[in-house]
Each structure stands twice: as structure tokens, then as C-alpha cells.
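Worksheet for the structure shown next.
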Amino acid sequence: MSEFDVVIIGGGATGNVIARGLLKHTGFSVALVEANAYTSDGSHPGFDARVIALAKRTVDELAALDIDAGSAGAVPIKHIQVSDKGAAGLCQLNADDFHVSHFGQVISLKHLGEALQIPPETPGFSLFCPLHVSSVSRTQDATELTLSNGETLSARLVILADGGRSPLHEELGFERTAEDYRQTAIVVNVITQKPHEHRAYERFTPEGPVAFLPYDPGFATGHRNACGFSVVWTVSPERAETLMQSGDKTFIQALQKDFGWRQGAILQAGERTAYPLTLQRTVNTTTHRAVVCGNASQTLHPIAGQGFNLGLRDACALVAQLADADDPGAFHVLRRYALNREQDKKATITLTDGLVRLFSNDNRGLLAARNAGLMAMDNCPSLKSFFVRQTTGFAPGA
Numbered sequence: 003m004s005e006f007d008v009v010i011i012g013g014g015a016t017g018n019v020i021a022r023g024l025l026k027h028t029g030f031s032v033a034l035v036e037a038n039a040y041t042s043d044g045s046h047p048g049f050d051a052r053v054i055a056l057a058k059r060t061v062d063e064l065a066a067l068d069i070d071a072g073s074a075g076a077v078p079i080k081h082i083q084v085s086d087k088g089a090a091g092l093c094q095l096n097a098d099d100f101h102v103s104h105f106g107q108v109i110s111l112k113h114l115g116e117a118l119q120i121p122p123e124t125p126g127f128s129l130f131c132p133l134h135v136s137s138v139s140r141t142q143d144a145t146e147l148t149l150s151n152g153e154t155l156s157a158r159l160v161i162l163a164d165g166g167r168s169p170l171h172e173e174l175g176f177e178r179t180a181e182d183y184r185q186t187a188i189v190v191n192v193i194t195q196k197p198h199e200h201r202a203y204e205r206f207t208p209e210g211p212v213a214f215l216p217y218d219p220g221f222a223t224g225h226r227n228a229c230g231f232s233v234v235w236t237v238s239p240e241r242a243e244t245l246m247q248s249g250d251k252t253f254i255q256a257l258q259k260d261f262g263w264r265q266g267a268i269l270q271a272g273e274r275t276a277y278p279l280t281l282q283r284t285v286n287t288t289t290h291r292a293v294v295c296g297n298a299s300q301t302l303h304p305i306a307g308q309g310f311n312l313g314l315r316d317a318c319a320l321v322a323q324l325a326d327a328d329d330p331g332a333f334h335v336l337r338r339y340a341l342n343r344e345q346d347k348k349a350t351i352t353l354t355d356g357l358v359r360l361f362s363n364d365n366r367g368l369l370a371a372r373n374a375g376l377m378a379m380d381n382c383p384s385l386k387s388f389f390v391r392q393t394t395g396f397a398p399g400a
């Protein structure tokens, strides 16, 4: 049996951030168990072709772990425009007005994965891959994990960071709830007529939001393009099925109609992917010598780009809590972590879920209220500041 202070289940972004943080800030021995095979370019399901917006705080915390998002092809967001289809109200946000260099940075998960990977020969670190946990047993002082190859690991703390995909949640005593939004997100990279100039868009429609994130699809090949965007387009499941099967011309025309002409014509659209949208939450963050973290703890709607960033705040907060602990799996240590994360989780989930319900409908009364609200926020610095603090990760309790 191999003994470790901490065993992390899941080698995606959350798992790697926690492992990096523990190796840098503690003397704990760390094992990472990942079911999918790693390759030199980081291509496994945790680091797929999707593009994400890293909030300003997330960028800062990654930098503290020696991860420079900019060198991995990230594009800064310096301006944000929020609008509602069919209404005149809109809100403009500019980073300079808040005395920050940017609101966040847009990066592909693939490139982030390459930057996050920990060399297997790192002192104090062990990688078990491609393997999964086949059984679990517990004692007062440790959790024993039997891997799919028959090897057994003992850990004073197990961190579940597998995105919620495995049956380990139930085995470790975590209760999970799910709510179907009856929406599908279509993700696609596009090239527009006008350069992005570091501007992101959140455009609300009755079916759901359309987000345009400034992105350089040519970073990996060296063919840089200042007119690229990564698009997250939320529609009904029925419409998503039609759009996924349509030709490029029909697809671009439909996207142009929902988004508008702020960037001129949409000239090209790349490969499309689609996934259903749900709100999933783990009721209890901790059990005996186990904690759930990142998307394994909560999976949010992509509106306002909060889910991934909330998960990484979980990861960094957990590392900070464990840095002062003698026993990483002690009840009081995990309890303190859960209490410290409660306010941020609740506020972010409430904001995200509330925006979905407020903006993803065509109720005329709500349309008028949304229109008035956007205009009010555009003219009220305190409202803008509240929104920016929440979405960049600097809200009270975050």
C-alpha cells in the first residue's frame, strides 16, 4: 500500500491547481489519480477544445502558482457590452474606469491544460494514470482507495475534483442535486469582419444568452487573428439539434440574427460542439476525510462565465486552508473550509441562476424591467462596481 497525505481524484484544471498549490505551499505528499491518459499536449477530456474566460482574480491566483495565462495564448478582456435583444438598453464596462488592466482573460482549456500539467518526476508528487478508483474503505485516520490496476492508496485526505462524473460521490457520502434548464449551449469559434479590440459581449435573447469572447484561434499555429471570437450560444434543445445539423451558411445567418452586427458580418464559423445545461450542486461539501471541489461541487450555467472561476476559487481556498493544517483531513480543517466558501458559493449560484431566469424569456413585463435595469446600471457607477466585483471574483466573501 502506498501512503499519501492527500490524494486528488481528477486531473483536470481544478485537480492540477490544487496539486500545484499543495506542492508549493505545504510539505504534504500528493497523489493525483486520473482516469484518462495524459499526452504531451494535454489532450484529455478535462482539457478539450472549449474556451473559457478567466476572471481577473483567477488570473492573479494562477500567476501566484507560476502560471502565466498570457504566455499560453490568453486574450485580455478590456471592455464588456451587455445588451438585450429587442430592447434599447445596454451597459458598457471599461477596465480603465475601474483602474484595472483587464476584467479577465480568454484562453482555450487545451492551452491552459498544457500550462497546468505537473511533471511526474516532481518531488512529493505521484501520478496514477490512466486509472480510476474501483473501491473505497475508511478508517478513523485514513481513506483507502483501490485502483483499477489493483494498487491500493491510503490518504489522510481525499479531494474529489473529477467534475462529478464518477460514482465516487455516493461512495464518499456526497449528495448531489440537479436541475435541468432545458437549454443547450453551442460552442463555436468565429471570425468577424471587425477586430475584437479586447471587447466581450453578453447578448440576452428569449432562448438564452449569446456570449462573444475575444479569442485568438491562430495562437497555436502562429497565424494570429485579431478578429476571432469564441461563442457560447444558448438555445432550446430542439433548436440546437437543428443548428448542429445545418450548413455553415445557415448556421452563421442564424447566429448573426441573434447577435446582431456589432462586429460586422460573421465571416467564418469553426467546428461546433453542444452540451445540455443544468444546475448541479453537492449538498454537503465535506464528509469524513473527504472534500469535493470545483465542478464536482457545483456545475453552473455559462451565463456571465462564473462556473469555472468559482471552481478555481474553491481550489485556491482549499490550498490556503490546508497550508496551515497539520492533518489535512481533520474535521475542523474541512469544516472551516466549508464555512469559508459558503458565502461566495451561495452568492455566485444565486446571481447566475437569477440571470438565467430573468433574461431567458420573452415576458413583456420582464423585458421592460430588464431594459430599464441595463440603462440604470450603465448610468450608475455603484451598480457597475457591484457587478464587476462579483464577476471578476473580488466580491465580499469570495
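Sequence positions in the sequence shown follow my numbering and run 3 to 400. Backbone N, C-alpha and C define an ideal beta-carbon position, used for all residues, glycine too.
Check, Outcome
"Range of the contiguous beta strand (DSSP E) that encloses SER4", "4-11"
"Through-space distance from HIS27 to VAL237, alpha-carbon basis", "43 Å"
"Inter-stretch contact (C-beta, 8 Å, three-pair minimum) for the stretch 238-253 and the stretch 144-151", "no"
"Inter-stretch contact at 8 Å, needing at least 3 Cβ pairs: the stretch 167-183 / the stretch 291-303", "yes"
"Residue nearest to VAL192 in terms of C-alpha spacing, selected from PRO122, GLN258 and SER128", "GLN258"
"Proximity below 8 Å, CB of PHE310 to CB of ILE54", "yes"
"Any beta strand (DSSP E) of 3 or more consecutive residues that is wholly inside the stretch 161-202", "178-194"
"Coarse secondary structure for ASN96, derived from DSSP in three states", "strand"
"Coil, strand or helix - PHE214 by DSSP", "strand"
"Endpoints, the alpha helix (DSSP H) within which GLN119 is located", "No alpha helix (DSSP H) contains GLN119, which DSSP labels as neither H nor E."
"Bridge-paired residues (DSSP) for ARG264", "GLY266"
"Cross-strand partners of GLN107 (DSSP beta bridge)", "LEU56 and PRO78"
"Close-in-space but distant-in-sequence residues of the same chain around PHE206 (CB under 6 Å, 5 per side omitted)", "ASP86 and PHE361"
"Nearest to GLN265 (by Cα), restricted to the options ASN38, ARG337, ALA228 and GLN282", "ALA228"
"ARG205 - partner residues in DSSP beta bridges", "SER85 and VAL212"
"Residues of its chain near THR350, where Cβ-Cβ distance is below 7 Å and the 5 sequence neighbours each way are ignored", "GLN308 and LEU312"
"Alpha-carbon spacing of ARG337 relative to PRO330, whole angstroms", "11 Å"
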